[in-house]
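Peer 1: Below is a structure I'd like to ask you about.
2 protein chains.
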Amino acid sequence: MAQYTSLEHIKFLLQDVHLLDEVVSLPHFSHLKWEEAWMMIESAKQLADRHMAPYFREMDDKPAHYEGNGVVHTHPQLKNIIQHAAENGWIGGAARFEFGGMQLPMMLFNTAQHIFMAANNGCQGYFSLSAGAAALITSFGSKEQVEAFVPKIFAGQWQGTMALTEPQAGSSLTDITTGAIPLEGGMYKISGQKIFISGGQHEACDNFVHLTLARIEGAPPGVKGISLFIVPKFFPEKDGTLTSNDVFCAGDFQKMGQRGYCTTHLVFGDHGNCKGWLVGEPHKGLSYMFQMMNEARISVGLGAASVAMAAYQTSLQYTKERPQGRLASEKDPLKPPTLIISHPDVQRMLLTQKAITEGSISLAMECSKLSDLVQATNGEEKQKHWLLLELLTPIMKTYPSEQGSRSVALAIQTLGGYGFTTDFPVQQHYRDLKITSLYEGTTGIQSLDLLGRKVVMEKGKALLALTASIGEVIKQASSCRPLTIYAEELNDELLRIDQVLQHLGQFVKQGDIDRYLSDATVFMEQISYVVIAWQWLKQAVVSYEKIQNENFQNQKRSFYESKIHTMKFFFRYELPHATACSKVLMNTEFLTNSKASETFD
Amino acid sequence: MAQYTSLEHIKFLLQDVHLLDEVVSLPHFSHLKWEEAWMMIESAKQLADRHMAPYFREMDDKPAHYEGNGVVHTHPQLKNIIQHAAENGWIGGAARFEFGGMQLPMMLFNTAQHIFMAANNGCQGYFSLSAGAAALITSFGSKEQVEAFVPKIFAGQWQGTMALTEPQAGSSLTDITTGAIPLEGGMYKISGQKIFISGGQHEACDNFVHLTLARIEGAPPGVKGISLFIVPKFFPEKDGTLTSNDVFCAGDFQKMGQRGYCTTHLVFGDHGNCKGWLVGEPHKGLSYMFQMMNEARISVGLGAASVAMAAYQTSLQYTKERPQGRLASEKDPLKPPTLIISHPDVQRMLLTQKAITEGSISLAMECSKLSDLVQATNGEEKQKHWLLLELLTPIMKTYPSEQGSRSVALAIQTLGGYGFTTDFPVQQHYRDLKITSLYEGTTGIQSLDLLGRKVVMEKGKALLALTASIGEVIKQASSCRPLTIYAEELNDELLRIDQVLQHLGQFVKQGDIDRYLSDATVFMEQISYVVIAWQWLKQAVVSYEKIQNENFQNQKRSFYESKIHTMKFFFRYELPHATACSKVLMNTEFLTNSKASETFD
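If you want it as C-alpha cells, here you go:
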C-alpha cells in the first residue's frame with residue numbers, strides 16, 4: 038500500500054514543535070502520558086491501514102446512492118469502520134470522563150482524524166460528525182438529552198448530523214424557515230426541509246440524531262430567531278424501543294468527489310408527526326451551533342490538508358521510482374534517464390506540496406492545542422487562547438482547502454498523464470478535496486467571518502494575540518543566525534497586514550462596510566501565507582536547535598535540515614504572493630461594487 | 038440549454054481586436070469575405086448546439102471503454118458528430134484548395150473549434166486530431182500519401198492520431214524505442230508500443246491513421262534518430278480494399294475527465310505484419326511532428342479556455358438567477374435576499390473568470406492570426422510572425438490550462454454546494470480541464486521549451502518581436518487618457534521580465550544550464566500574466582476608441598465599458614502576481630538542485 042502520511046512529521050509536530058507535553062501536564066489532561074498518547078497514534082495508523090485505506094478507491098467506485106423508499110446505500114465496510122472507530126475511542130474520545138469519554142486532548146484526537154482522512158476521507162466524516170454532534174449535546178443539552186443520545190452515538194450505533202442548510206438558504210442561515218411549534222411536555226413539532234446533510238440517513242447506523250436549526254413559532258426574524266433541536270430519525274421511547282419520528286430521506290446528491298460520503302435531502306414532519314427536543318434556550322441555536330461548526334471547520338481544513346498529504350506521498354513515491362528524461366546539462370542520449378525527482382521542476386512541485394501540506398498540518402496542531410488550552414485553563418489565559426483560536430479557525434478552514442487543490446494538482450502533474458488516470462489515487466484526491474472549500478461555509482463566508490468578525494472582535498484583541506504569537510517566533514528566529522533574514526521578512530509581512538487593515542479601516546470610518554469587506558477573500562489569502570510562514574519558521578527554529586545541539590534522538594539530521602530547507606522554500610516561492618495580495622488590497626478603485634454587475638449584462 | 042460561450046465576444050475579437058479583415062485581404066485568403074466568415078461561425082454554433090452540447094454530460098456518464106478484442110466502445114452519437122464536422126468543413130477546412138480544403142484562416146477555424154470545445158470538449162478532439170494529422174501529411178508527405186489518406190480523413194471516415202508516447206518514454210521522446218526496419222518497396226516494418234493515444238482505435242471510424250514516431254534500424258540515438266511514419270490500422274490496397282495491418286488496441290485508460298474521449302494503448306506489429314510509410318526524410322520525424330504538436334498545443338490551450346468559458350457561462354447564469362443573502366450593509370433580515378451576483382466577492386469571482394477566459398481566447402486569436410500570416414506572407418515578414426508564434430505557443434498552451442483550473446474552481450465556488458454535484462456541469466468542466474496541463478507536453482515541458490528554446494532562439498529575436506508587439510499596444514494605450522496608467526504598469530512588468538532574464542543569464546554564462554532552467558515554470562507564470570495583460574490592454578484600447586467615437590454599431594456601450602472594466606480588474610487583481618513571480622525568480626539561492634532531493638529521504 039502506498040504511504041498516505043508521515044508519522045515522523047506528526048511526531049515532530051506533537052513532540053517538538055507544539056509540545057503535547059505542555060498540554061498533558063495540565064490537570065485536565067494529566068491522566069495521559071506521552072508514551073501512551075503516541076501508542077494511540079500508532080494504533081490509529083494501524084486501524085486506518087487495515088480498515089480504512091483499503092476501501093478508499095472502492096467507496097469512490099461504488100458511491101453511496103439513494104434507491105427510493107428513504108434508503109441510502111453505503112459501502113458494506115462502512116459499518117465496520119464506524120464500529121472500529123467507536124471501539125478505539127475515536128468518536129467519544131475527546132469528551133470528558135463524566136460523559137463517558139477519554140478526555141483526550143484535541144491535539145491527539147485531531148492527529149488521529151488526520152490519519153483517517155489521509156487514508157480515506159470519504160469515511161471519516163461519518164464518525165467525526167457524530168463526535169461533533171455529541172460534543173454539542175454534552176455542551177448545551179440537558180442531562181436527559183445527554184443520557185438519551187450520547188452513549189449510543191459514542192458506541193457508533195447512532196449517527197449524529199448537523200442539519201442547517203435548506204433549499205432556499207445555503208450560505209444565508211438568516212433565511213431558514215424550518216419551523217418548530219411547542220407541544221405539551223416540552224417537545225416541539227418540527228417541519229421543514231434540509232439539504233446537503235452529510236451522513237444523513239443511511240444503512241450503516243441504526244438511528245440518526247439530527248442537530249437541526251429551526252425557528253420557533255413567533256420567533257424574531259433573522260439569526261436571532263433560530264433555535265437548536267435534537268431531531269432523531271427514530272424516537273427513543275422510555276422503554277428503549279424506537280418509533281418512527283417522521284424524518285424522511287427524500288433523495289441524495291451525486292457528487293464529483295467524496296462519493297462514499299452520502300449527502301442527503303431530509304424532509305421533517307411531512308406527516309405532521311416529527312418531534313424535536315429544544316437544546317438549551319430558545320433563539321440561541323446559532324450560537325450553540327457555532328461550537329460544532331468551529332470544530333467542523335478545523336476538521337474540514339485538516340481534512341483538506343490530509344487529502345493533499347496523501348496525494349503528496351503518492352507523488353513522492355512515484356518521483357523516486359520513475360526514471361524519465363535527463364537534466365538539461367546532460368546532453369548524451371545514451372546515458373540512462375534520471376529519476377524524475379532529480380529534475381529541479383519536480384523538486385519545486387514536491388517542495389510546494391510539502392510546504393502546503395506539512396504547513397497546514399502544523400497549523401491544525403496549533404489550533405488543536407489552543408482548543409485544549411481553552412478547555413484546560415481559566416480566566417484571562419483562557420480568553421487569550423480562545424481569541425486566537427477564533428481568529429485562526431477560518432484560516433485553518435480555508436488555506437488547506439484552497440491551496441490543497443493546488444497541491445494535489447501538482448501531485449497529478451508529477452505523475453504526468455498517469456496522474457489523470459484512475460490507475461492512481463491522486464485524481465480521486467483532486468476530486469475529493471474540492472468539497473472542502475464549499476461545505477462548512479464557503480471560502481467567501483470564511484473570509485467575511487475573518488475580516489468582518491474576527492479581525493474586529495474585542496477591539497482587535499484576537500489579531501493582537503496572533504501578532505504576539507508570531508512575534509515570539511520571530512524573536513526566537515532572530516537569535517538563530519541563519520534564520521534572521523526570514524524573521525525579518527515575516528516581520529515585514531506582518532507590517533503589510535497592518536497597512537492593509539489601516540487602508541481598509543478608512544472605509545469602515547466612512548460607513549462603507551460593503552467596500553471594507555469586498556476583498557475579504559484576498560485578505561484571507563494574504564494572512565494565510567503569513568500564518569503558514571509563521572508555522573514554518575516555528576518548525577525551522579526547533580530544527581535549528583536540534584541541529585545546533587546535535588540532538589538526533591528522535592530524527593536524523595537530514596530530517597531537520599529538510600524542515601529548514603522547506604521553510605526557506607516557502608519564504609522564497611510562496612510568501613512573495615502575500616505581498617502581491619497586499620498590493621491588490623491597497624487598490625483605490627472599487628471594481629466589484631454592485632454597480633459593476635452591469636459588467637455582466 | 039445553458040449558454041457555453043459568447044458570440045458577442047467572439048465577434049468583437051474577430052472583427053475589432055484581431056481584425057480578420059486584414060487576413061482575408063491577403064491574396065491567400067481573399068476568397069473569403071467577413072459576412073461569409075461570420076455565417077460559418079453562426080452555423081458552427083448551430084452545429085454545436087444541435088449535435089455536440091446535448092451529449093456533453095452523457096459522454097461523461099457513459100465513458101468510452103475497452104471491452105477486449107481490440108474494441109473501444111464510444112458514444113453512439115460520436116459517428117454523427119464526426120460526420121457533421123466533416124461535412125461542414127471543420128476537419129479539412131483549413132487545408133489548401135489543392136488538398137481538397139477550403140483554405141480557411143486559422144482565425145476562423147480555431148473560432149469554430151473553440152465553440153465545439155466549449156460545447157463538448159470530449160468530442161472535439163476526435164476530429165481536430167484528424168485535421169492535424171492530415172495537415173502533417175499535406176505538409177511533409179508525398180503526393181501518394183496525401184491521396185491515400187487525406188481525403189478519407191477529411192471525409193471523417195478515417196481517424197488521424199498522433200502516436201508519440203511509449204510506456205518508458207512520456208515527456209522524454211529521446212527514449213522512444215518503437216522500431217522501423219526497411220522493407221522492399223520503400224515501406225518499413227514497424228514494431229513497438231504506444232500509450233496515451235487519444236482517439237486511438239474505436240468504433241466510430243472505419244480506419245485509423247497513426248502518425249507514429251519510430252527509430253529506423255541503425256539510426257543515431259536521441260531525438261536525431263527519430264523518423265515519422267504513417268501507420269494505418271488497415272492497410273489500403275491499390276484496389277481500395279482494406280487489409281489488417283497488425284495494429285492492435287490492447288487497452289484503454291479510464292480517466293477523471295474527458296471520459297468520452299478515448300485514450301488507448303496500441304501495439305504495433307505484434308505478429309510481425311505491421312507496415313508503415315516513411316514521411317519525408319529519415320531522422321527528421323520530430324521536426325515534422327512539431328508542426329502538428331504546435332497546432333495541437335494551441336488547440337489544447339484554446340480547449341482549456343473553452344471549457345473554462347463554458348463553466349463561466351454557467352456561473353454567470355446561476356449568479357443572475359439565484360437569490361442568497363444580503364449585502365453586509367443591509368442588516369434587515371426581513372428584506373428579500375439579493376441575487377448572488379450583487380455580492381462583491383461573487384463579482385470578484387466572475388471578473389476573474391471573465392479575465393482568464395476572454396483573455397485566453399483573445400490570445401488564441403492572436404496566435405491564430407500569426408499562423409495565418411505565416412501562411413500568407415513571405416520573407417522577413419513571415420519570419421517575424423513565425424518567431425512570435427513560436428514564443429507564444431507554449432504560453433498559449435499553458436496559461437489557460439493552469440489558470441483555467443482556477444477559473445472553473447471559481448465557477449464551482451459561485452454555485453456553492455451545488456457546484457460539486459452532478460446536477461450542474463461545472464464539476465465536469467473541472468475534471469475535464471485538468472488533462473490540458475498534461476497532454477501535448479506538461480506545463481513543465483512547455484516551460485522548458487519557453488525558457489530553454491524560445492527565449493534564446495535566434496539570439497532573442499522572438500522575445501524582441503513580443504516586446505515590439507506589446508510595445509505597440511502600450512503606445513496606443515498611452516495616448517488614451519484613462520488607459521495611460523495601465524500602459525505604464527505593463528511597461529514596468531516588461532522591464533521586470535528583462536531584469537529576470539539578465540539575472541538568469543548569468544547562470545548561462547557560468548555554464549550552469551540546470552540552474553538557468555530550474556524555475557522555468559515560474560518564468561512561464563510571470564510572462565503569461567504579462568501576455569494576458571497585453572491582450573486585455575489591446576481590447577481596452579479598441580473599446581475606448583469605440584466609446585470615444587460613439588461607434589455602437591456592433592455592440593452596446595456597456596459591452597465596451599465592460600471590457601475596459603475587466604482590463605482594470607486584471608491589472609489590479611492579477612498582474613501584481615507577475616511581480617511576485619519576478620521576486621521568486623530573482624532568488625539567489627538554488628533550492629531545487631538535485632542535492633536537494635535529500636530533502637525527501
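Chains A and B supply the protein sequences, listed in that same order.
Taking my numbering, I'd label the letters of the first sequence as residues 38 to 638.
Taking my numbering, I'd label the letters of the second sequence as residues 38 to 638.
Cβ coordinates follow ideal geometry from the N, Cα and C atoms, glycine included.
#1: Check the Cβ of residue 630 of chain A against every Cβ in chain B and list those closer than 7 Å, keeping chain order.
#2: Any idea what DSSP makes of residue 254 of chain A, helix, strand or coil?
#3: Would you list the one or two residues that DSSP bridges to residue 271 of chain B?
#4: Would you please verify whether the beta carbon of residue 143 of chain A is less than 9 Å from any beta carbon of chain C?
#5: Taking DSSP as the reference, what is the three-state secondary structure of residue 589 of chain A?
#6: When the Cβ atoms of the stretch 52-72 of chain B are set against those of the stretch 98-112 of chain B, are three or more pairs found closer than 8 Å?
#7: Does residue 47 of chain A get closer than 9 Å to chain B when you measure Cβ to Cβ?
#8: Whose Cβ in chain B lies nearer than 8 Å to the Cβ of residue 222 of chain A?
#9: Below 7 Å CB to CB, which residues in the same chain sit around residue 515 of chain B once its five sequence neighbours on both sides are set aside?
#10: Comparing alpha-carbon positions, which option in B:195, B:610, B:565 and B:603 lies nearest residue 573 of chain B?
#11: So the candidates are B:618, B:222 and B:111; which of them puts its Cα closest to the Cα of residue 242 of chain B?
#12: What residues in its chain sit with their C-beta under 7 Å from that of residue 11 of chain A, if we drop five residues either side in the sequence?
#13: Which bits of chain A does residue 639 of chain B rub up against, with CB to CB less than 7 Å?
#14: Check whether chain A comes within 9 Å of residue 432 of chain B, counting only Cβ atoms and requiring the distance to be less than that.
#15: Just to make sure I have the definition right: I need the residues of chain B whose C-beta is within less than 8 Å of the C-beta of residue 609 of chain A. Which are they?
#16: Does residue 192 of chain A come out as helix, strand or coil in the three-state DSSP assignment?
#17: So the candidates are B:386, B:513 and B:535; which of them puts its Cα closest to the Cα of residue 497 of chain B?
#18: Opposite residue 217 of chain B in the DSSP bridges: which residues?
#19: So, with DSSP's three-state summary, where would you put residue 212 of chain B?
#20: My output table needs one value for residue 417 of chain B: the three-state DSSP class, helix, strand or coil.
#21: Do residue 267 of chain A and residue 186 of chain A have their C-beta atoms closer together than 9 Å?
#22: What three-state label does DSSP hand residue 551 of chain B in the structure shown?
#23: Would you decide whether residue 551 of chain A is buried or exposed? Buried here means 16 or more other CB atoms lie within 10 Å of its CB.
#24: So with CB distances below 7 Å, who are the chain A contacts of residue 211 of chain B?
#25: Mark residue 76 of chain B as exposed unless 16 or more other C-beta atoms lie within 10 angstroms of its C-beta, in which case mark it buried.
#26: Applying the criterion that 16 or more other CB atoms from any shown protein chain within 10 Å of the CB defines a buried residue, is residue 548 of chain B buried or exposed?
#27: Can you give me the start and stop residues for the alpha helix (DSSP H) that residue 632 of chain B sits inside?
#28: Identify which residue in B:379, B:293, B:369 and B:230 has its Cα closest to the Cα of residue 470 of chain B.
#29: In angstroms, rounded to a whole number, what distance separates the CA positions of residue 408 of chain A and residue 166 of chain A?
#30: Would you tell me roughly how many angstroms separate the C-alpha atoms of residue 639 of chain A and residue 559 of chain A, rounded to the nearest one?
#31: Taking residue 315 of chain A as part of the beta strand (DSSP E), name the residues at either end of that continuous run.
#32: Assign residue 128 of chain A to one of three DSSP states: helix, strand, or coil.
#33: Confirm, please, whether the CB-CB distance from residue 396 of chain B to residue 569 of chain B is below 9 Å.
#34: What's the gap between the Cα of residue 203 of chain B and the Cα of residue 213 of chain B?
#35: Grab the span of the beta strand (DSSP E) containing residue 60 of chain A for me, first residue to last.
#36: With respect to the beta strand (DSSP E) encompassing residue 305 of chain A, which residues constitute its N-terminal and C-terminal limits?
Peer 2: If we stick to the structure as given:
#1: On the first sequence, position 593 is the one that residue 630 of chain A refers to. By Cβ distance, chain B contributes 381.
#2: As a first step, residue 254 of chain A must be located in the first sequence, where it is residue number 217. Of the three classes helix, strand and coil, the one that applies to residue 254 of chain A here is coil, per DSSP.
#3: Here the question's residue 271 of chain B lines up with position 234 in the second sequence. In the DSSP output, where bridge partners are listed per residue, residue 271 of chain B has B:281.
#4: Here chain C cannot be found, since the structure's protein chains are A and B.
#5: As a working mapping, residue 589 of chain A is identified with position 552 in the first sequence. Correct three-state label for residue 589 of chain A: coil.
#6: no
#7: Counted from its first residue, the first sequence places residue 47 of chain A at position 10. Chain B, which has no Cβ nearer than 9 Å to the Cβ of residue 47 of chain A, makes this no.
#8: For the purposes of this step, residue 222 of chain A is identified with residue 185 of the first sequence, where counting begins at 1. The contacting residues do not exist; residue 222 of chain A stays about 31 Å from chain B at best.
#9: Here residue 515 of chain B refers to the residue found at position 478 of the second sequence. Taken in chain order, the residues that qualify are 521 and 524.
#10: For this step, residue 573 of chain B is matched to residue 536 along the second sequence. With distances taken between Cα atoms, residue 573 of chain B lies closest to B:603.
#11: Here residue 242 of chain B corresponds to residue number 205 of the second sequence, with the count starting at 1. Nearest option by C-alpha distance: B:111.
#12: Beyond the ends of chain A as shown, which are 38 and 638, falls residue 11 of chain A; an answer cannot be given.
#13: In this structure chain B extends from 38 to 638, so residue 639 of chain B is not present and cannot be described.
#14: Reading the second sequence from its first residue, position 395 is the one you call residue 432 of chain B. Taking Cβ atoms only, chain A never reaches closer than 9 Å to residue 432 of chain B, which makes this a no.
#15: For this step, residue 609 of chain A is matched to residue 572 along the first sequence. Result: 621, 624, 626 and 628.
#16: Along the first sequence, one-based indexing puts residue 192 of chain A at 155. Correct three-state label for residue 192 of chain A: coil.
#17: Against the second sequence, residue 497 of chain B aligns to sequence position 460. The residue with the shortest Cα to Cα distance from residue 497 of chain B is B:535.
#18: Position 180 of the second sequence, counted from the first residue, corresponds to residue 217 of chain B. Paired residues: B:227 and B:253.
#19: As a first step, residue 212 of chain B is located in the second sequence; it is residue number 175 there, counting from the start. It is helical.
#20: On the second sequence, position 380 is the one that residue 417 of chain B refers to. Correct three-state label for residue 417 of chain B: helix.
#21: As a first step, residue 267 of chain A is located in the first sequence; it is residue number 230 there, counting from the start. As a first step, residue 186 of chain A is located in the first sequence; it is residue number 149 there, counting from the start. Against a cut-off of 9 Å, the Cβ pair of residue 186 of chain A and residue 267 of chain A comes out as a contact.
#22: Along the second sequence, read from residue 1 onward, the residue named residue 551 of chain B stands at position 514. It is helical.
#23: In the first sequence, residue 551 of chain A corresponds to position 514, counting from 1. So residue 551 of chain A counts as buried.
#24: Reading the second sequence from its first residue, position 174 is the one you call residue 211 of chain B. Going along chain A in sequence order, the residues near residue 211 of chain B (Cβ under 7 Å) are 370.
#25: For the purposes of this step, residue 76 of chain B is taken as the residue at position 39 of the second sequence. Classification for residue 76 of chain B: exposed.
#26: The sequence position of residue 548 of chain B within the second sequence is 511, counting from 1. Exposed.
#27: Translated into the one-based positions of the second sequence, residue 632 of chain B becomes position 595. Looking at the DSSP string, residue 632 of chain B is not in any alpha helix (DSSP H), and its letter there is neither H nor E.
#28: Here residue 470 of chain B refers to the residue found at position 433 when the second sequence is read from its first residue. When each option's Cα is compared against that of residue 470 of chain B, the closest is B:293.
#29: Walking along the first sequence from the start, residue 408 of chain A turns up at place 371. Walking along the first sequence from the start, residue 166 of chain A turns up at place 129. Going from the Cα of residue 408 of chain A to the Cα of residue 166 of chain A covers about 18 Å.
#30: Coverage of chain A is limited to positions 38 through 638, which leaves residue 639 of chain A absent and any answer about it impossible.
#31: Residue 315 of chain A sits at position 278 when you count from the first residue of the first sequence. From DSSP, the beta strand (DSSP E) with residue 315 of chain A extends over 312-316.
#32: Walking along the first sequence from the start, residue 128 of chain A turns up at place 91. Residue state, collapsed to three classes: coil.
#33: Your numbering for residue 569 of chain B matches position 532 in the second sequence. Your numbering for residue 396 of chain B matches position 359 in the second sequence. For residue 569 of chain B and residue 396 of chain B, yes; Cβs fall inside 9 Å.
#34: On the second sequence, residue 203 of chain B is found 166 positions in, with the first residue counted as 1. On the second sequence, residue 213 of chain B is found 176 positions in, with the first residue counted as 1. Each residue's Cα considered, the two are about 6 Å apart.
#35: Here residue 60 of chain A corresponds to residue number 23 of the first sequence, with the count starting at 1. It is not in any beta strand (DSSP E) - residue 60 of chain A instead sits in the alpha helix (DSSP H) that spans 57-61.
#36: In the first sequence, the residue the question calls residue 305 of chain A occupies position 268. Residues 300-305.
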